[in-house]
Amino acid sequence: MEVTPHFPVGAWYRSRRKNGWMMMDLLLAMTLVVLTLTAFLPLVSQTVRLDRKAHIQETLLRQAVSIEATLFQNLAYGYDITATSDSLQFKTPLGRKKGFIIHRETLFVRLSDGSLQPLTGGIGTVKGCRILIRPYGGQPFFSHQGRAIAVSLLLVEADSGLSLPVTLMVTSLNEGI
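First residue of the sequence shown? That's 28 in the working numbering, and the numbers climb one at a time after it.
This is the structure we're talking about:
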């Protein structure tokens with residue numbers, strides 16, 4: 028005679044159902060899900076916020092490097108430089124007139140053909156980051172300081188208000204020519 032274990036199909040389910048254990052398991056599972064979401068939701072939102080802030084800071088830094096390089100290269104080799112509070116005009120080594128102008132919180136390059144090309148303001152920058160130019164430290168944007176040209180800008184991201192100063196002193200290598 029062979030003895031087989033006698034486990035009727037569904038016996039475990041029926042016994043738990045009779046005692047209400049199924050509802051207790053469901054309630055426990057739902058409670059754990061709610062607690063987990065409650066614990067991790069602020070963490071996820073903080074991570075998204077920090078990522079957005081880092082993205083904006085990187086954009087500001089890249090824009091500052093681009094502006095510094097452009098200003099330095101043009102001013103170091105330019106001559107006959109004229110600076111007003113919101114514009115610079117100079118001649119290139121080839122004798123063409125160029126310059127920089129700040130209009131409506133945007134920095135523009137005045138090309139040798141007279142047209143303007145924006146360096147800031149959301150055009151050519153990272154999508155979703157509108158960068159404005161504001162005065163820094165109560166100084167004019169552009170000024171003469173002895174033989175050097177001083178540049179004082181504050182790059183500000185429009186939505187977040189994060190900012191990065193750009194200060195530069197450039198002496199033309201063609202001064203006195």
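Cβ coordinates follow ideal geometry from the N, Cα and C atoms, glycine included.
As the structure is a prediction and not an experimental result, all values here were calculated from the model.
So what does DSSP say about residue i, is it helix, strand or coil?
i: Arg161; result: strand
i: Leu87; result: helix
i: Gln166; result: coil
i: Arg131; result: coil
i: Thr119; result: coil
i: Leu138; result: coil
i: Leu62; result: helix
i: Gly151; result: With a pLDDT of 48 at Gly151, under the threshold of 50, the predicted position of this residue should be treated as unreliable, though the coordinate-derived value follows. DSSP places Gly151 in coil when its eight states are reduced to three.
i: Leu143; result: strand
i: Asn201; result: coil
From the options, pick the residue whose C-alpha is nearest to that of residue i; which is it?
i: Leu88; options: Ser199, Asn201, Leu189, Leu200; result: Leu189
i: Ser112; options: Val136, Ala91, Phe169, Ala175; result: Phe169
i: Thr119; options: Leu102, Met196, Ala110, Gly173; result: Leu102
i: Leu195; options: Leu98, Met51, Met49; result: Leu98
i: Glu95; options: Gly126, Asn201, Val193; result: Val193
i: Asn201; options: Gly165, Leu121, Val92; result: Leu121
i: Ser114; options: Asp52, Pro167, Val197, Met51; result: Pro167
i: Gln100; options: Gly126, Lys80, Leu77; result: Gly126
Any beta strand (DSSP E) of 3 or more consecutive residues that is wholly inside the stretch 171-199: Segments of the beta strand (DSSP E) lying fully in the stretch 171-199: 175-184, 190-198.
message: Check whether the stretch 128-137 and the stretch 157-177 touch, using three or more Cβ-Cβ pairs below 8 Å as the test.
response: In short, these stretches touch, since the Cβ pair count reaches three.
query: Can we say the stretch 83-90 touches the stretch 182-192, given the rule of at least three CB pairs closer than 8 Å?
result: Touching, yes.
- request: Tell me, please, whether the stretch 135-144 touches the stretch 67-74 by the rule of three or more beta-carbon pairs shorter than 8 Å.
  value: At 8 Å Cβ cutoff, the stretches do not touch.
Beta strand (DSSP E) runs contained entirely in the stretch 66-115, provided each spans 3 or more residues: Taken in chain order, the whole beta strand (DSSP E) runs of length 3 or more contained in the stretch 66-115 are 106-111.
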